[in-house]
Amino acid sequence: MYPVAKINLAALAHNLQRVKTLAPNSRVMSVIKANAYGHGAIEAAKALHDSDAFAVARVAEGEQLRDAGIQQPIVVLEGVNSAQDLLSASQHGLSPVFHHFSQIELLLNTPLPTPISFCWVMLETGMHRLGLMPDEAEKVLKLMTECESVSGPIGVMSHFACADERNDFRNQRQLDLILAFAKEHQMAISMANSAAIIALPDSLMEWIRPGLMLYGVSPFDDQSAGELDLKPVMKFCSKIIAIRELNRGDQVGYGGTWTANKETRIGIIDVGYADGYSRQLSNLGSVLINDQISTLLGRVSMDMIAIDLTEIQAEVGDEVVLWGDEQLPVERIAAQANTISYELLSQVNQRVKRDYHYGEA
Ligand SMILES: *Cc1c(COP(=O)(O)O)cnc(C)c1O
Numbered sequence: 000m001y002p003v004a005k006i007n008l009a010a011l012a013h014n015l016q017r018v019k020t021l022a023p024n025s026r027v028m029s030v031i032k033a034n035a036y037g038h039g040a041i042e043a044a045k046a047l048h049d050s051d052a053f054a055v056a057r058v059a060e061g062e063q064l065r066d067a068g069i070q071q072p073i074v075v076l077e078g079v080n081s082a083q084d085l086l087s088a089s090q091h092g093l094s095p096v097f098h099h100f101s102q103i104e105l106l107l108n109t110p111l112p113t114p115i116s117f118c119w120v121m122l123e124t125g126m127h128r129l130g131l132m133p134d135e136a137e138k139v140l141k142l143m144t145e146c147e148s149v150s151g152p153i154g155v156m157s158h159f160a161c162a163d164e165r166n167d168f169r170n171q172r173q174l175d176l177i178l179a180f181a182k183e184h185q186m187a188i189s190m191a192n193s194a195a196i197i198a199l200p201d202s203l204m205e206w207i208r209p210g211l212m213l214y215g216v217s218p219f220d221d222q223s224a225g226e227l228d229l230k231p232v233m234k235f236c237s238k239i240i241a242i243r244e245l246n247r248g249d250q251v252g253y254g255g256t257w258t259a260n261k262e263t264r265i266g267i268i269d270v271g272y273a274d275g276y277s278r279q280l281s282n283l284g285s286v287l288i289n290d291q292i293s294t295l296l297g298r299v300s301m302d303m304i305a306i307d308l309t310e311i312q313a314e315v316g317d318e319v320v321l322w323g324d325e326q327l328p329v330e331r332i333a334a335q336a337n338t339i340s341y342e343l344l345s346q347v348n349q350r351v352k353r354d355y356h357y358g359e360a
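Once you know that position 124 of the sequence shown is 123 in numbering that gives the first Met the number 0, the rest is easy, because the numbers rise by one and skip nothing.
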């Protein structure tokens, strides 16, 4: 069935081992928010069973994993945003991050059936997204420690704004802030995402939070996944559903934005923006067909794209790789779409079948 995202679970396990080699003294909180960056959260969690914990963005994502029988601690990065969220976190054994006083009010005002544990305080160190200033974090920590609804040690977490920019002075500044706070309060630290795990070894600390690299994608512009010994997990494919011959002057697709300047053979592929294939790839995206690179002609439609087959041997029914092959990594397609791999991967939606396999890793 096409379009399909073929998911190599052996590659996922390989990439986790790669993380562990880079950070042998840290425990691993594998980030599987947003349906594991489009790869399927439950299947990814099972393939990543060697993780010490998982992290998701929202309570509902954690509920889904618990309902599927996932046993590890599950950290909710955005924390709880209603009494109902907090009750669910307690019932499902989820571990919220606390980044705002409103969340502490919920904690103090909502009786819980079971205390929550493995909780985290999010410290503001420079991202200015979620996080408490050190003096606020200190107050929150005290309230949480005294609260009967919280059990066990509380860790401190923060997030780099520029980890993928090598040698950026802001990274060290963020690190210094969390180190100072954690030292004063004797807390475990979690700071490093994928880019930091690779490029900022000083930031590893007690708990690391890899996301992108688990999926076999490089966080850096100047280093490929292969060079980092990461294996791409998703291969996004569809197939040719029509082939046609165009005359000079014929136009392709909505708006007629591409015009043939000679006789041209085109293939129509069964994928479009309603599957999560970016419309930004109109007239410039690359695809791989029978080991040859071809280019999109005209705009991406809701359900279809057109590609140039003039120089390529191909038939109706042939498979087309949209990204995820060694010859066509998602990093390259993201650059063409003027975005990042995170966005392309996480936008592959429910209309696209996931096919899981244990391929070579
Ligand atoms: C998404 C996320 C991560 C994972 O980042 P990658 O760059 O994918 O490794 C880590 N920490 C937080 C807080 C996140 O939101």
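Glycine residues also receive a C-beta, built at the ideal position from the N, C-alpha and C atoms.
Nothing here was measured: the structure is a model prediction, and the numbers come from that model.
Tell me which same chain residues have a C-beta within less than 7 angstroms of the C-beta of residue i, skipping the five on either side of it?
| i | result |
| --- | --- |
| Tyr-341 | Tyr-36, Leu-211 |
| Pro-23 | none |
| Gln-16 | none |
| Ala-67 | Ile-41 |
| Ala-273 | Met-301, Asp-302, Arg-350 |
| Asp-49 | Leu-15 |
| Ser-193 | Pro-209, Gly-210, Leu-211, Met-212, Pro-218 |
| Val-315 | Ile-239, Ile-240, Ala-241, Ile-242 |
| Asp-163 | Ala-194, Pro-218, Phe-219 |
| Asp-307 | Thr-263, Ile-265, Ser-293, Thr-294, Leu-296 |
Take residue i and list the residues in its own chain whose beta-carbon comes closer than 8 angstroms to its own, dropping the five residues that flank it on each side.
| i | result |
| --- | --- |
| Ser-223 | Ser-217, Pro-328, Glu-330 |
| Arg-65 | Ile-73, His-91, Gly-92, Leu-93 |
| Gly-39 | Ile-6, Arg-353, Tyr-355 |
| Leu-283 | Thr-294, Leu-295, Gln-335 |
Please report the residue range of the beta strand (DSSP E) in which residue i lies.
| i | result |
| --- | --- |
| Leu-4 | Contrary to the premise, residue 4 reads as Ala rather than Leu in this sequence. Its beta strand (DSSP E) spans residues 3-7. |
| Thr-263 | 263-268 |
| Glu-244 | 233-245 |
| Phe-53 | 52-55 |
| Glu-318 | 318-322 |
| Ser-87 | First-last for Ser-87: 82-91, but that is the alpha helix (DSSP H), not the beta strand (DSSP E). |
| Val-120 | 119-121 |
| Ile-292 | 291-294 |
| Met-156 | 154-156 |
Span of the alpha helix (DSSP H) holding residue i?
| i | result |
| --- | --- |
| His-99 | Unbroken run through His-99: none, as it is neither H nor E. |
| Ile-332 | 329-335 |
| Gln-312 | No alpha helix (DSSP H) holds Gln-312; DSSP gives it neither H nor E. |
| Gln-71 | Unbroken run through Gln-71: none, as it is neither H nor E. |
| Ser-345 | 340-346 |
| Ile-288 | Per DSSP, Ile-288 belongs to no alpha helix (DSSP H); it is in the beta strand (DSSP E), 285-288. |
| Leu-174 | 168-184 |
| Tyr-36 | 32-36 |
| Lys-352 | Segment 352-356 is the beta strand (DSSP E) holding Lys-352; no alpha helix (DSSP H) there. |
| Ile-197 | 193-198 |
| Met-143 | 133-145 |
| Ala-44 | 40-46 |
What number of angstroms, rounded off, separates the C-alpha of residue i from the C-alpha of residue j?
| i | j | result |
| --- | --- | --- |
| Leu-227 | Gln-250 | 42 angstroms |
| Asn-108 | Tyr-357 | 47 angstroms |
| Asn-361 | Arg-298 | With the chain represented from 0 up to 360, any question about residue 361 goes unanswered, as that position is not in the structure. |
| Ile-267 | Asp-324 | 20 angstroms |
| Asp-51 | Ile-31 | 13 angstroms |
| Gln-83 | Ala-136 | 24 angstroms |
| Glu-145 | Ala-88 | 19 angstroms |
| Asp-175 | Leu-76 | 22 angstroms |
| Lys-19 | Pro-112 | 36 angstroms |
| Met-28 | Gln-291 | 39 angstroms |
| Asp-167 | Ala-195 | 11 angstroms |
| Ile-265 | Gln-335 | 21 angstroms |
| Ala-181 | Leu-199 | 18 angstroms |
| Arg-243 | Gln-346 | 30 angstroms |
| Ser-81 | Val-58 | 10 angstroms |
| Leu-21 | Glu-123 | 26 angstroms |
| Asn-34 | Gly-248 | 44 angstroms |
| Lys-234 | Asp-134 | 47 angstroms |
| Ser-202 | Met-190 | 6 angstroms |
| Ala-160 | Gly-130 | 13 angstroms |
| Val-55 | Leu-142 | 25 angstroms |
| Gln-71 | Asp-221 | 35 angstroms |
| Ala-9 | Gly-61 | 24 angstroms |
| Ala-179 | Tyr-253 | 57 angstroms |
| Ile-311 | Ala-305 | 14 angstroms |
Assuming residue i and residue j form a contact by the criterion Cβ under 8 angstroms, report the distance between their Cβ atoms to the nearest whole angstrom.
| i | j | result |
| --- | --- | --- |
| Val-320 | Leu-287 | 4 angstroms |
| Met-186 | Val-155 | 5 angstroms |
| Met-121 | Ser-157 | 7 angstroms |
| Ala-46 | Ala-4 | Actually they are not in contact, since the Cβ atoms of Ala-46 and Ala-4 sit about 14 angstroms apart, beyond 8 angstroms. |
| Gly-151 | Phe-117 | 6 angstroms |
| Ser-281 | Thr-256 | 7 angstroms |
| Ser-25 | Trp-206 | 6 angstroms |
| Ile-197 | Ile-188 | The Cβ separation is near 18 angstroms, so there is no contact. |
| Ile-332 | Ser-285 | 7 angstroms |
| Asn-337 | Gly-275 | About 16 angstroms separates the two Cβ atoms, so there is no contact after all. |
| Tyr-1 | Ser-293 | So it is not a contact: roughly 17 angstroms between Cβ atoms. |
Going by beta carbon distance, what residues of the same chain come within less than 6 angstroms of residue i, once the five residues before and after it are set aside?
| i | result |
| --- | --- |
| Thr-309 | Thr-263, Arg-264 |
| Ala-241 | Ile-267 |
Check the Cβ-Cβ distances between residue i and every residue of chain C, and say whether any is below 8 angstroms.
| i | result |
| --- | --- |
| Gln-185 | Considering every chain present, this structure includes no chain C. It has just one protein chain. |
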